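Presented below is the structure to which this report refers.
Number of protein chains: 2
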Amino acid sequence: MMKNKIPTLKEIAEKLGISISTVSRALNDHQDISEVTKERVKALAADLNYIPNIFAKGFRTHKTNIIGVVVPNITHYFTTTLIRGILEEASLQGYRVIISESNNDVDKQTEMLNTMIQFGVDGVLMSLSKMTRDISSILKIMNTLPLILFDKASNKIPCTQVVINEEEATYNAIEHLINIGKRRIAIIKESEFSYNSEKRFEGYLRALKENNLPIDEKIILSVDDISMIQGKRMTNVLMSLKQKPDAIFAITDSAAIGVIKTLKKLHVKIPEEVAVVGFSNSINSTIIEPMLTTIDQPGQKIGATAVKYLIEEINHPNEIFINKTIEIRSNLIIRNSTFKV
Amino acid sequence: MMKNKIPTLKEIAEKLGISISTVSRALNDHQDISEVTKERVKALAADLNYIPNIFAKGFRTHKTNIIGVVVPNITHYFTTTLIRGILEEASLQGYRVIISESNNDVDKQTEMLNTMIQFGVDGVLMSLSKMTRDISSILKIMNTLPLILFDKASNKIPCTQVVINEEEATYNAIEHLINIGKRRIAIIKESEFSYNSEKRFEGYLRALKENNLPIDEKIILSVDDISMIQGKRMTNVLMSLKQKPDAIFAITDSAAIGVIKTLKKLHVKIPEEVAVVGFSNSINSTIIEPMLTTIDQPGQKIGATAVKYLIEEINHPNEIFINKTIEIRSNLIIRNSTFKV
DNA sequence: CTGAAAGCGCTTACAG
DNA sequence: CTGAAAGCGCTTACAG
Numbered sequence: 000m001m002k003n004k005i006p007t008l009k010e011i012a013e014k015l016g017i018s019i020s021t022v023s024r025a026l027n028d029h030q031d032i033s034e035v036t037k038e039r040v041k042a043l044a045a046d047l048n049y050i051p052n053i054f055a056k057g058f059r060t061h062k063t064n065i066i067g068v069v070v071p072n073i074t075h076y077f078t079t080t081l082i083r084g085i086l087e088e089a090s091l092q093g094y095r096v097i098i099s100e101s102n103n104d105v106d107k108q109t110e111m112l113n114t115m116i117q118f119g120v121d122g123v124l125m126s127l128s129k130m131t132r133d134i135s136s137i138l139k140i141m142n143t144l145p146l147i148l149f150d151k152a153s154n155k156i157p158c159t160q161v162v163i164n165e166e167e168a169t170y171n172a173i174e175h176l177i178n179i180g181k182r183r184i185a186i187i188k189e190s191e192f193s194y195n196s197e198k199r200f201e202g203y204l205r206a207l208k209e210n211n212l213p214i215d216e217k218i219i220l221s222v223d224d225i226s227m228i229q230g231k232r233m234t235n236v237l238m239s240l241k242q243k244p245d246a247i248f249a250i251t252d253s254a255a256i257g258v259i260k261t262l263k264k265l266h267v268k269i270p271e272e273v274a275v276v277g278f279s280n281s282i283n284s285t286i287i288e289p290m291l292t293t294i295d296q297p298g299q300k301i302g303a304t305a306v307k308y309l310i311e312e313i314n315h316p317n318e319i320f321i322n323k324t325i326e327i328r329s330n331l332i333i334r335n336s337t338f339k340v
Numbered sequence: 000m001m002k003n004k005i006p007t008l009k010e011i012a013e014k015l016g017i018s019i020s021t022v023s024r025a026l027n028d029h030q031d032i033s034e035v036t037k038e039r040v041k042a043l044a045a046d047l048n049y050i051p052n053i054f055a056k057g058f059r060t061h062k063t064n065i066i067g068v069v070v071p072n073i074t075h076y077f078t079t080t081l082i083r084g085i086l087e088e089a090s091l092q093g094y095r096v097i098i099s100e101s102n103n104d105v106d107k108q109t110e111m112l113n114t115m116i117q118f119g120v121d122g123v124l125m126s127l128s129k130m131t132r133d134i135s136s137i138l139k140i141m142n143t144l145p146l147i148l149f150d151k152a153s154n155k156i157p158c159t160q161v162v163i164n165e166e167e168a169t170y171n172a173i174e175h176l177i178n179i180g181k182r183r184i185a186i187i188k189e190s191e192f193s194y195n196s197e198k199r200f201e202g203y204l205r206a207l208k209e210n211n212l213p214i215d216e217k218i219i220l221s222v223d224d225i226s227m228i229q230g231k232r233m234t235n236v237l238m239s240l241k242q243k244p245d246a247i248f249a250i251t252d253s254a255a256i257g258v259i260k261t262l263k264k265l266h267v268k269i270p271e272e273v274a275v276v277g278f279s280n281s282i283n284s285t286i287i288e289p290m291l292t293t294i295d296q297p298g299q300k301i302g303a304t305a306v307k308y309l310i311e312e313i314n315h316p317n318e319i320f321i322n323k324t325i326e327i328r329s330n331l332i333i334r335n336s337t338f339k340v
């Protein structure tokens, strides 16, 4: 297929009988250039469909206006809302976004970061893969590029982090269960190192303690992979205990949906006998019956906020940034799995 | 933050006392260079963590190894599977992916395409926004860059298209309903111009005709926005008809889930009184009870295939490509909404 | 087998 | 207010 040629500054300059420098400056609205010249240049540029060669520009100015994003799993609904926020805010600020998936594989994550650098991104937004223990490669990258963590973060990495109020959100959810009269609240969390899981667990523990409820290891269950299937398995475990729980909090909606499905199969009444709470406010949480009480995380806002902080760092490459942790508020959405209207 | 400097060919050349040209050639495994030199150069490059400046390279060779992707809505699960396939195949072939969302807004779609060009992508993969009637801007872009359509395609645009066998898949689904004894099959489709909706409607019509079933306009419903809410509304319409349908085919899972929810509210037995079929095999289709019979679309394969064809075109910029339509096979997944085991 | 040099399209310090 | 020229980091035709 024959492709059109995109005109260059040189061609515009020649057609107008002026220098390339003047054309460049006119297009960039440089103060030195007269209005008349600016207008002539801009008119011709528009006419010829001039598009600046971003590679020549980026090559020259060491800036590409591209942001790299690394996420563990792009198919999670919540992740897509984060990405939507990132795309929107980036676009507003004149940035493009390169996305890659680490598939929760730490080596792949490192590889992705390296290609990001190679592709000249101006900065990186990352949500950590599970099991990211060795942070040396990440620290190395931080020497080269601004990096901001979002959603799946880590206190060990000295950079700005944009997260939700995981601990508090869970605290509120557990407190809600206590308010509706539940006293024996089980939790299904992740066994592997996971920032979100740990924070949520802390909120769970604090809520029990502050309400003088006993902490019972038997109803604190950890799974490798926090999925619907594991939710089902763990529910069978919990409901075969001598002292069954009267509520189950799962740290993800998918696990919570597994819980509901199994409780229904066991003919356990929800929420009267056992109440269920999830985390994420995924679409699924409104499909399941009874609909799931869960925590709504404003993904778009988190994504957009992360972009703002990143561009701030990109624009001030020589400043030392104090590494803030920005907590975005989430909301408990009460539905029929805990409280019937 | 102070950032590390990435070494250049020049530094390697100086340290080794050879020319830049030789270093460049050694790194690119040029045949002219001796093995000894190659090894020395590569060793030092590895040592210094040399990363080629892709912008200098792209600028020089007019190739960026970046693919642009435009999708209507990134939060749809099926879209994320398409993207996953694109990311994987692109990564295998050494390409990065810039993603943007058109939000089903035709103007935004055009804008996105233009920024893609500006950012020097080597080619574009696009899934059309609804209501893309004016294709002039797309045709214009095809003069500049290779473009391939996937999933939401259009016969009017002369380019390679990667889609599923929409018509045949629907035909099979309707035939399945006929096989289980259904005779009055309603369809809920989109009213706006939509490639997928039209193809599915064609399959529906053909199945009825070939089985000598009457086509009744009263049970052919069109909605603007094919959502769960519309599925609910349309079910109320259908179930208040004198001659109620004994099966409902909705062209998306979300609408089909709305159908099931409403049928349950109306105490209609599924599938005995009314069977339900969706399209997509979304996660939701297994959450709803009864689980939804639907059509599984191999998103990853579609995405990967689209990338392959695009890179083929990128690598042969002066060839005229015959615009093929590649149909990827989908599968009917039979579940309890049509057939109880 | 290796090197000197041109050039990709742009920006910008310097000079006028 | 405008221009000539250098240079960003790379590749490659040309010369040896």
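Residue numbers (numbering that gives the first Met the number 0), protein chains in the order written: chain Y, 0 to 340; chain E, 0 to 340. Glycine included, each C-beta is placed from N, C-alpha and C at the ideal position. Predicted, not measured: the structure shown is a model, and the values here were computed from it.
DSSP state of Gly-67 (chain E) mapped onto helix, strand, coil: In this structure, Gly-67 (chain E) counts as strand in the three-state DSSP scheme.
Three-state class that DSSP yields for Arg-182 (chain Y) in the structure shown: Three-state DSSP puts Arg-182 (chain Y) in coil, outside helix and strand.
Beta-carbon separation (whole angstroms), Asn-102 (chain Y) vs Pro-71 (chain Y), contact threshold 8 Å: Contact check for Asn-102 (chain Y) and Pro-71 (chain Y): beta-carbon distance about 7 Å, within the 8 Å limit, so the pair qualifies.
For Ala-152 (chain E), the three-state DSSP class (helix, strand or coil): The answer is coil: DSSP assigns Ala-152 (chain E) none of H, G, I, E or B.
Reference Thr-35 (chain Y); option with closest CA among Y:Val-273, Y:Ile-137, Y:Gly-93 and Y:Leu-15: Correcting the residue type first, residue 35 (chain Y) is Val in the shown sequence and not Thr. Of all alpha-carbon atoms in Y:Val-273, Y:Ile-137, Y:Gly-93 and Y:Leu-15, the one lying nearest the alpha-carbon of Val-35 (chain Y) is that of Y:Leu-15.
Cα-Cα separation, Glu-123 (chain E) to Thr-159 (chain E): Checking the sequence shown, residue 123 (chain E) turns out to be Val, not Glu. Each residue's Cα considered, the two are about 12 Å apart.
Integer-rounded CB distance, given that Ala-172 (chain E) should sit under 8 Å from Ile-294 (chain E): Contact flag correct, Cβ pair sits at about 6 Å.
Closer than 8 Å to chain Y by CB, Ser-336 (chain E): Output row for Ser-336 (chain E): interface = no.
Reduced DSSP secondary structure (H/G/I, E/B, other) of Phe-248 (chain E): Here Phe-248 (chain E) sits in strand by DSSP.
Test item: CB-CB of Ile-301 (chain Y) and Leu-47 (chain Y) under 8 Å: In this structure, Leu-47 (chain Y) does not lie closer than 8 Å to Ile-301 (chain Y) by Cβ.
Stretch-stretch touch, CB-based, cutoff 8 Å, three pairs: the segment 230-240 of chain E with the segment 167-181 of chain E: No contact exists between the segment 230-240 of chain E and the segment 167-181 of chain E.
Residue(s) in a DSSP beta bridge with Glu-201 (chain Y): Residue pairing of Glu-201 (chain Y) in beta bridges, as defined by DSSP: absent, with no partner found.
Interface flag, Arg-232 (chain Y) vs chain E, CB-CB below 8 Å: Cβ-Cβ to chain E under 8 Å: no for Arg-232 (chain Y).
Sequence-distant residues of its chain with Cβ nearer than 6 Å to Pro-6 (chain E) (five each side left out): Answer for Pro-6 (chain E): Leu-47 and Tyr-49, listed in chain order.
Any C-beta of chain Y under 8 Å from that of Leu-8 (chain E): Answer no: the Cβ-Cβ gap between Leu-8 (chain E) and chain Y never drops below 8 Å.
Buried/exposed call for Lys-108 (chain Y), threshold 16 Cβ in 10 Å: Position check: residue 108 (chain Y) holds Gln in this sequence, whereas Lys was assumed. Using a 10 angstroms sphere on the CB of Gln-108 (chain Y), the tally of other CB atoms reaches 16 or more, which defines it as buried.
Distance CB(Phe-58 (chain Y))-CB(Ala-12 (chain E)) smaller than 8 Å: No. Outside cutoff.
Neighbour flag for Phe-58 (chain Y) against chain E, beta carbons, 8 Å: With 8 Å as the cut-off, Phe-58 (chain Y) counts as an interface residue toward chain E.
Ala-42 (chain Y) versus Y:Val-22, Y:Thr-60 and Y:Val-120, residue with shortest Cα-Cα distance: Nearest Cα to Ala-42 (chain Y) within the set Y:Val-22, Y:Thr-60 and Y:Val-120: Y:Val-22.
Residues that Gln-117 (chain E) contacts on chain Y, provided the C-beta gap is smaller than 8 Å: Contact of Gln-117 (chain E) with chain Y by beta-carbon distance below 8 Å involves Ile-50, Pro-51 and Ile-53.
Range covered by the alpha helix (DSSP H) that runs through Asp-242 (chain Y): One point to set straight first is that residue 242 (chain Y) is Gln, not Asp, in the sequence displayed. Under the DSSP assignment, Gln-242 (chain Y) falls outside any alpha helix (DSSP H); it carries neither an H nor an E label.
Unbroken alpha helix (DSSP H) run spanning Met-111 (chain Y), endpoints: It spans 105-117 - the alpha helix (DSSP H) in which Met-111 (chain Y) sits, taken as one unbroken run.
Backbone secondary structure at Val-40 (chain Y) - three-state DSSP: The three-state secondary structure of Val-40 (chain Y), taken from DSSP, is helix.
Per-residue burial, Ile-228 (chain Y) [other beta carbons within 10 Å of its own, 16 or more giving buried]: That one is exposed.
Below-8 Å beta-carbon distance, Val-267 (chain E) vs any chain Y residue: Val-267 (chain E) is outside the set of residues whose beta carbon lies under 8 Å from a beta carbon in chain Y.
Cβ of Ile-286 (chain E) within 8 Å of any chain Y Cβ: For Ile-286 (chain E), a Cβ of chain Y is located within less than 8 Å of the residue's own Cβ.
Endpoints, alpha helix (DSSP H) assigned at Val-22 (chain E): Counted as a single uninterrupted DSSP element, the alpha helix (DSSP H) harbouring Val-22 (chain E) occupies residues 19-26.
Between the CA atoms of Leu-309 (chain E) and Gln-92 (chain E) - distance to the nearest angstrom: Between Gln-92 (chain E) and Leu-309 (chain E), the C-alpha separation is close to 11 Å.
Segment contact flag, the segment 281-288 of chain E with the segment 122-141 of chain E, C-beta cutoff 8 Å, min 3 pairs: The segment 281-288 of chain E is not in contact with the segment 122-141 of chain E.
Contact list for Thr-293 (chain Y) against chain E, beta-carbon separation under 7 Å: Close partners of Thr-293 (chain Y) in chain E (Cβ separation under 7 Å) are lacking, with about 14 Å as the shortest Cβ gap.
Candidates Y:Asp-31, Y:Asn-27 and Y:Val-68: closest to Ala-44 (chain Y) by CA position: Among Y:Asp-31, Y:Asn-27 and Y:Val-68, the Cα nearest to that of Ala-44 (chain Y) belongs to Y:Asn-27.
Between the CA atoms of Ile-269 (chain E) and Asn-335 (chain E) - distance to the nearest angstrom: Cα to Cα, Asn-335 (chain E) sits roughly 8 Å from Ile-269 (chain E).
Short Cβ contact (8 Å threshold) for Thr-251 (chain E) with Ser-279 (chain E): Yes. Within cutoff.
Glu-326 (chain Y), DSSP secondary structure in three states: Glu-326 (chain Y) sits in a strand when the DSSP states are folded into three classes.
Between the CA atoms of Asn-322 (chain Y) and Leu-148 (chain Y) - distance to the nearest angstrom: In this structure, the alpha-carbon of Leu-148 (chain Y) lies about 11 Å from that of Asn-322 (chain Y).
From E:Val-162, E:Pro-297 and E:Thr-63, residue whose alpha carbon lies closest to that of Ile-325 (chain E): For the residues E:Val-162, E:Pro-297 and E:Thr-63, the minimum Cα distance to Ile-325 (chain E) belongs to E:Val-162.
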